[in-house]
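A.B. asks: Protein chains in written order, with the working numbering: chain A, 359 to 470; chain B, 359 to 470; chain C, 359 to 470; chain D, 359 to 470. C-beta: ideal position from N, C-alpha, C; glycine also.
There are 4 protein chains.
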Amino acid sequence: MSEFKRLTDMVLAFRDERDWQQFHNPKDLAISLSLEASELLENFQWKTSEEAVGKNSENIKDELADIVIYALLFANETGIDLVEAIEQKIQKNNEKYPVEKAYGSKTKYSEY
Amino acid sequence: MSEFKRLTDMVLAFRDERDWQQFHNPKDLAISLSLEASELLENFQWKTSEEAVGKNSENIKDELADIVIYALLFANETGIDLVEAIEQKIQKNNEKYPVEKAYGSKTKYSEY
Amino acid sequence: MSEFKRLTDMVLAFRDERDWQQFHNPKDLAISLSLEASELLENFQWKTSEEAVGKNSENIKDELADIVIYALLFANETGIDLVEAIEQKIQKNNEKYPVEKAYGSKTKYSEY
Amino acid sequence: MSEFKRLTDMVLAFRDERDWQQFHNPKDLAISLSLEASELLENFQWKTSEEAVGKNSENIKDELADIVIYALLFANETGIDLVEAIEQKIQKNNEKYPVEKAYGSKTKYSEY
């Protein structure tokens, strides 16, 4: 079985044991993804990358996991095939950021 | 090969063709995760879930993919095994939200 | 004395008594603004507006205040005249959203 | 007239000319505050504070203004006296971060 499918099944089992699907509309799941991303970012507030990773590695790992857990829930709720979506988005990014323009540059595609 | 490994390899190839690892410190990757989560959330601003999903499904799919793409980059850069991190976090959430307390309730664990 | 000046002076006095200006670079202040906005938003997770405001009014008030406190610190650190910036932005928004196009519509200006 | 009152009146006039109060429930305003804070933060992605402020000062000023504009709208919609809320929050922060513990330290109060 695919890893995404296996992890999604684990997350859905966790959700359903608690009867939580009733709360999981896409808008609140999108809010939750944003909140979890902030909780990851909070580990870096007032710190360099090195200080943050050195001091908060366990919390960083947990918050990163929470982000992907909510991504799996969101994908399930909205019928998105996450693996396919990622493959297609990498392809789109390839077109938005052609190597000859993007090489070594942090300019956003909209400013090319 | 695992799906996470295969997708990570695709994302790293995209990054390295552009010589972008030099920009990818964990703090800026955490910022990027937060920005992508906001871009997903923007699809729901002033809208119900139904309106948003009905109107913006293609952009929603792209932004969700971007979040996971940055999660793969962040995990790679900080040496986190993302599959293991997710499994461990589900286990922690099981302990934080025992079924008998959490069933049908949206109360946060810190308020039990 | 202007209210913005008086509140800014209070916030700077708080900061300087703790010798915190050393941490207050614009990038970390921008991160802090984003984190505080998330803490406000967290009050609305899984809730309607009415449930959130009814249940969490004290925390909502505190988090809103924290956002503006960081806005004052950010403006001070970057030399922005916040009152002038707000007046100019309202003027720009007037041009971006002409009444005849924007009346009763939640369409973003980029989609006009 | 107080500056906060005067700016709030300007923002409400802008809103009412467009008949937008119908969209401005507190939950969507909180989402909007978070989105605007992200737009400010985006100016700092992949950049030092100096690079960002040097390159994007006009956009930084606009996004900071948008944050405070939404804070004024949110306060108006929820009946919060923003000036009083800020004064009270500074007082609370004084108690949470006593000078003798907080001086020169970036430790969060919850870790004292």
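Would alanine 388 of chain D and leucine 430 of chain C be called neighbours here (beta carbons separated by less than 9 Å)?
C.D. replies: No. Outside cutoff.
A.B. asks: Run down chain D in chain order and give the residues with a C-beta less than 7 Å from the C-beta of leucine 431 of chain C.
C.D. replies: Per Cβ cutoff of 7 Å: no residues; leucine 431 of chain C is ~11 Å from chain D at best.
A.B. asks: Quick one, which residues of the region 361 to 390 of chain B are near chain C if we go by CB-CB under 8 Å, in chain order?
C.D. replies: Those would be Ile389, in chain order.
A.B. asks: My output table needs one value for threonine 465 of chain B: the three-state DSSP class, helix, strand or coil.
C.D. replies: Three-state DSSP puts threonine 465 of chain B in coil, outside helix and strand.
A.B. asks: Which whole-angstrom value describes the C-beta separation of lysine 419 of chain C and alanine 410 of chain D, a residue pair presumed to lie in contact below a C-beta threshold of 8 Å?
C.D. replies: Not really, about 31 Å apart at Cβ, beyond 8 Å.
A.B. asks: To the nearest whole angstrom, what separates the beta carbons of lysine 447 of chain C and aspartate 424 of chain D, a pair I think is in contact under 8 Å?
C.D. replies: The pair is a contact, with the Cβ atoms about 6 Å apart (cut-off 8 Å).
A.B. asks: Quick one: which chain C residues come within Cβ less than 9 Å of leucine 399 of chain A?
C.D. replies: Here the neighbours are Ile389, Ser392, Leu393 and Ser396.
A.B. asks: Could you name the residues of chain A that lysine 464 of chain D contacts, counting a contact when the two beta carbons are closer than 7 Å?
C.D. replies: Trp404, listed in chain order.
A.B. asks: Find the residues of chain C that neighbour serine 468 of chain D, judging by a C-beta separation of less than 7 Å, and give them in chain order.
C.D. replies: By Cβ distance, chain C contributes nothing, its closest Cβ being about 13 Å from serine 468 of chain D, past 7 Å.
A.B. asks: Just list the alpha helix (DSSP H) runs in the region 388 to 466 of chain B, keeping only unbroken ones of 4 residues or longer that don't cross its boundaries, in chain order.
C.D. replies: Complete alpha helix (DSSP H) runs here, min 4: 407 to 436, 440 to 454 and 457 to 460.
A.B. asks: Using alpha carbons as the reference points, say which of D/Ser360, D/Leu365, D/Trp378 and D/Lys363 lies closest to valine 457 of chain C.
C.D. replies: Measuring from the Cα of valine 457 of chain C, the nearest candidate turns out to be D/Trp378.
A.B. asks: Short check: CB of phenylalanine 432 of chain C to CB of tryptophan 404 of chain A, under 9 Å?
C.D. replies: No, Cβ-Cβ distance for phenylalanine 432 of chain C and tryptophan 404 of chain A is not below 9 Å.
A.B. asks: Between the Cα of leucine 365 of chain B and the Cα atoms of A/Lys413, A/Met368 and A/Glu361, which residue gives the shortest distance?
C.D. replies: It is A/Glu361.
A.B. asks: Using C-beta distances below 7 Å, list every residue in its chain close to valine 369 of chain B, excluding the 5 sequence neighbours before and after it, in chain order.
C.D. replies: Hits under 7 Å: Ile427, Leu430 and Leu431.
A.B. asks: When the distance is taken between beta carbons, is glutamate 435 of chain D closer than 9 Å to proline 384 of chain D?
C.D. replies: Against a cut-off of 9 Å, the Cβ pair of glutamate 435 of chain D and proline 384 of chain D comes out as a contact.
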